[in-house]
Amino acid sequence: MKNVIVTGATGFVGKTLVREIRRRFPDANVIAAGSATVDLADMHATSAWMQGLKDSGFACDHIIHLAALYKAGDWPVRHPATQLYANMVININLLEGWKSFFPEAKLTAIISYCLYPSTEHPHPESELWGHEPEEYLFAYAFAKKALLVGRKAYLKEYGLKSTCVVLPTVYGPGDSFAENSHVVGALVGKFVRAAREGKPSVEVWGTGDQQREFLHVDDAADGIIAAALGSDEEALNLGIGDAYRIRDIAEWIRDAAGFTGQIEYRVEGRFVGVHKRMLDVTLVRETLGWTAPTPIRDGLQNTVDWYRDQLDAGLA
């Protein structure tokens, strides 16, 4: 990697990815593009930004596209049109900018495992086509699937090279720890704060029996770089190939945080999503020899410790 554009670079995964690229490739010129850099939902702004980069002599060899509008919890249920429009426009503008200004670059586009059907077996990449996504995320899934369509279309018409990477739920240092965040971040925040404040209990949404796959953010960055450098696949699942009960995740975080109170599971009035979701990671292991190195309990402890340090330093 020599000249790299990372969109969504100020987000959770984006920050870690940019840091890892710079660590591994210290001579690389990395354009870390967040919303303050360019509004990718604005076609003219996107074109002007890319034109400026090209005019400056920036010879892009990789574009890694993470930028998206997404919020956890029931927000996608309440705002499907907002989510569809924003993400479709962002993705189309990015594809057109890539084609017009940096067609020699390889595009690595990050998509979501919400594209897979709501069945409980490990999902291979072949199931990205021909299946209905989970109803509550249909708009976001459709916009993300547009990147798969774009990959095929821009390859066929223009010969542009790209791959799509599917991520499960990502967690780790730098996550959001608000109560309405993704499950690990929300639970880390709840348990660490409850332990500090001496609360008698912590509420967990759902029955605790839902199962999810979780990928540490350092592993996500490592896998994205591996895919960008080595994959010619249409799509590639990056995950651990296993799912854990939310009940187990909650108990492990409780122990890591030193919380001694009770866990109370709440279903009524709470949005819990599909029962089980996980990825089949056979392809990435066979083609790239890649596996996620961070054991789940080590990753949870690392996340708890990081958040606790942030609180101690007055940064959270």
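Residue numbers for the sequence shown follow full-length UniProt numbering, beginning at 1 and rising by one.
The beta carbon of each residue, even a glycine, is placed where N, CA and C say it ideally should be.
(request) Output the boundary residues of the beta strand (DSSP E) element that contains TYR171. (result) Taking the sequence shown and counting its residues from 1, the one referred to as residue 171 is at position 171. TYR171 -> beta strand (DSSP E) spans 169-171.
(request) Please determine, among LEU147, LEU53, ARG19, the residue with the shortest C-alpha to C-alpha distance to ASP27. (result) By one-based count along the sequence shown, residue 27 stands at place 27. Ranking LEU147, LEU53, ARG19 by CA distance to the CA of ASP27 puts ARG19 first.
(request) Please confirm whether GLU264 and VAL188 have their CB atoms less than 9 angstroms apart. (result) Your numbering for residue 264 matches position 264 in the sequence shown. Your numbering for residue 188 matches position 188 in the sequence shown. Taking 9 angstroms as the Cβ cut-off, GLU264 and VAL188 do not qualify as a contacting pair.
(request) Assess, as a yes-or-no matter, whether the segment 195-214 is touched by the segment 166-178 under the definition of 3 or more beta carbon pairs within less than 8 angstroms. (result) The segment 166-178 vs the segment 195-214: in contact.
(message) So, under 8 angstroms CB-CB, ASN93 and ALA59 are touching, yes? Tell me the CB distance rounded to an integer number of Å.
(response) The residue you call residue 93 lines up with position 93 of the sequence shown. The residue you call residue 59 lines up with position 59 of the sequence shown. At roughly 21 angstroms, the Cβ-Cβ gap does not stay under 8 angstroms, so ASN93 and ALA59 are not in contact.
(request) Specify the secondary structure class of HIS131 as computed by DSSP and reduced to three states. (result) The residue given as residue 131 occupies position 131 in the sequence shown. Here DSSP, grouped into helix, strand and coil, assigns HIS131 to coil.
(message) Count Cβ pairs between the segment 119-131 and the segment 94-108 that sit closer than 8 angstroms; are there 3 or more?
(response) No, the segment 119-131 is not in contact with the segment 94-108.
(request) Enumerate in chain order the residues of its own chain whose CB-to-CB distance from ALA67 is below 6 angstroms, with the five nearest sequence positions on each side excluded. (result) Within the sequence shown, the letter at position 67 stands for residue 67. Same-chain partners within the cutoff: THR7, GLY8, LEU40, ILE90.
(message) Three or more C-beta pairs under 8 angstroms: does that hold for the segment 239-250 against the segment 290-305?
(response) Counting C-beta pairs closer than 8 angstroms gives three or more between the segment 239-250 and the segment 290-305, which meets the contact rule.
(message) So ILE5 and ILE21 are supposed to be a Cβ contact under 8 angstroms. How far apart are they, rounded?
(response) Translated into positions along the sequence shown, residue 5 becomes position 5. Translated into positions along the sequence shown, residue 21 becomes position 21. Contact between ILE5 and ILE21 does not hold, since the beta-carbon distance rounds to 11 angstroms and is not under 8 angstroms.
(request) Measure the CB-CB distance between GLN262 and SER181 and report whether it falls below 9 angstroms. (result) Stepping through the sequence shown from its first residue, residue 262 is reached at position 262. Stepping through the sequence shown from its first residue, residue 181 is reached at position 181. Going by C-beta atoms, GLN262 is not nearer than 9 angstroms to SER181.
(request) Might you give, ordered along the chain, the residues of its own chain that have their beta carbon closer than 7 angstroms to the beta carbon of ARG247, omitting 5 neighbours on each side? (result) Taking the sequence shown and counting its residues from 1, one reaches residue 247 at position 247. The answer, listed in chain order, is GLY208, ASP209.
(message) List, from N- to C-terminal side, the beta strand (DSSP E) runs of 3 residues or more that fit wholly inside the segment 238-297.
(response) Counting whole runs of 3 or more residues, the segment 238-297 contains the beta strand (DSSP E) stretches 262-266.
(request) Enumerate in chain order the residues of its own chain whose CB-to-CB distance from ALA36 is below 8 angstroms, with the five nearest sequence positions on each side excluded. (result) Taking the first residue of the sequence shown as position 1, residue 36 is located at position 36. Hits under 8 angstroms: THR10.
(request) Please name the residue in ALA45, CYS164, ARG196, GLY206 whose C-alpha comes closest to that of GLU268. (result) Taking the sequence shown and counting its residues from 1, one reaches residue 268 at position 268. Residue GLY206 is the option with its Cα nearest to GLU268.
(message) Just to check my reading of the structure: ALA146 and MET88 have Cβ atoms closer than 8 angstroms, yes? What is that Cβ distance to the nearest angstrom?
(response) If you number the sequence shown from 1, residue 146 lands on position 146. If you number the sequence shown from 1, residue 88 lands on position 88. Distance from ALA146 to MET88 at the Cβ level is roughly 6 angstroms; contact confirmed, criterion being Cβ atoms closer than 8 angstroms.
(request) Go through its chain and collect everything with a Cβ distance to ALA194's Cβ below 6 angstroms, but skip five positions before and after it. (result) Locating residue 194 in the sequence shown gives position 194, counting from the first residue. VAL202, PHE259, listed in sequence order.
(message) Looking at the secondary structure, which residues open and close the beta strand (DSSP E) in which PHE214 lies?
(response) Walking along the sequence shown from the start, residue 214 turns up at place 214. 214-216 is the extent of the beta strand (DSSP E) around PHE214.
(message) Just verifying my parser: in three-state terms, what is the DSSP assignment at VAL179?
(response) One-based indexing of the sequence shown puts residue 179 at position 179. Just to set this straight, residue 179 is Glu in the shown sequence, not Val. DSSP places GLU179 in coil when its eight states are reduced to three.
(request) Go through the segment 69-145 residue by residue and report every complete run of the alpha helix (DSSP H) that reaches 4 residues or more, in order. (result) Within the segment 69-145, the complete alpha helix (DSSP H) runs of at least 4 residues are 75-78, 80-101.
(request) List the endpoints of the continuous beta strand (DSSP E) containing ALA48. (result) Here the question's residue 48 lines up with position 48 in the sequence shown. That residue, ALA48, is in no beta strand (DSSP E); its alpha helix (DSSP H) goes 43-55.
(request) Along the alpha helix (DSSP H) that carries VAL13, what are the first and last residues, could you check? (result) Here residue 13 corresponds to residue number 13 of the sequence shown, with the count starting at 1. Per DSSP, VAL13 is one residue of the alpha helix (DSSP H) stretching across 12-24.
(message) As a quick exercise: from TYR140, VAL13, CYS164, pick the residue whose alpha carbon is nearest that of VAL149.
(response) Within the sequence shown, the letter at position 149 stands for residue 149. Among TYR140, VAL13, CYS164, the Cα nearest to that of VAL149 is on CYS164.
(message) For GLN301, list the residues DSSP reports as bridge partners.
(response) The residue labelled residue 301 in the question sits at position 301 within the sequence shown. For GLN301, which the question treats as bridged, DSSP gives no partner whatsoever.
(message) Taking the alpha carbon of LYS71 as the reference point, which residue from LYS199, ILE225, ALA139, GLN310 has its own alpha carbon closest?
(response) The residue given as residue 71 occupies position 71 in the sequence shown. It is ALA139 whose Cα lies nearest to the Cα of LYS71.
(request) Return helix, strand or coil for ALA195, following the three-state DSSP convention. (result) The residue you call residue 195 lines up with position 195 of the sequence shown. Taken through DSSP and simplified to helix, strand or coil, ALA195 comes out as helix.
(request) Would you mind working out which of TYR113, ASP309, SER118, ALA33 sits nearest LEU236, comparing C-alpha positions? (result) Counting from 1 along the sequence shown, the entry for residue 236 is found at position 236. Per the Cα distances, TYR113.
(request) Name the residue from ASN302, LEU137, LEU160 whose alpha carbon lies nearest to the alpha carbon of VAL274. (result) Stepping through the sequence shown from its first residue, residue 274 is reached at position 274. Considering only alpha carbons, the answer is LEU137.
(request) Work out the CA separation of ILE63 and LYS161 for me, nearest whole Å. (result) Locating residue 161 in the sequence shown gives position 161, where the first residue counts as 1. Locating residue 63 in the sequence shown gives position 63, where the first residue counts as 1. For LYS161 and ILE63, the gap between their C-alpha atoms comes out near 11 angstroms.
(message) Rounding to the nearest angstrom, what Cα-Cα distance links LEU84 and MET1 in this structure?
(response) In the sequence shown, counting from the first residue as 1, residue 84 sits at position 84. In the sequence shown, counting from the first residue as 1, residue 1 sits at position 1. One alpha carbon belongs to LEU84, the other to MET1, and they sit about 32 angstroms apart.
(message) Suppose you measure from the CA of ALA86 to the CA of HIS131; what does that come to, to the nearest Å?
(response) Position 86 of the sequence shown holds residue 86. Position 131 of the sequence shown holds residue 131. Taking the straight line joining both Cα atoms gives about 23 angstroms.
(request) Quick one: grab the DSSP three-state call for ALA32. (result) As a working mapping, residue 32 is identified with position 32 in the sequence shown. Residue state, collapsed to three classes: strand.
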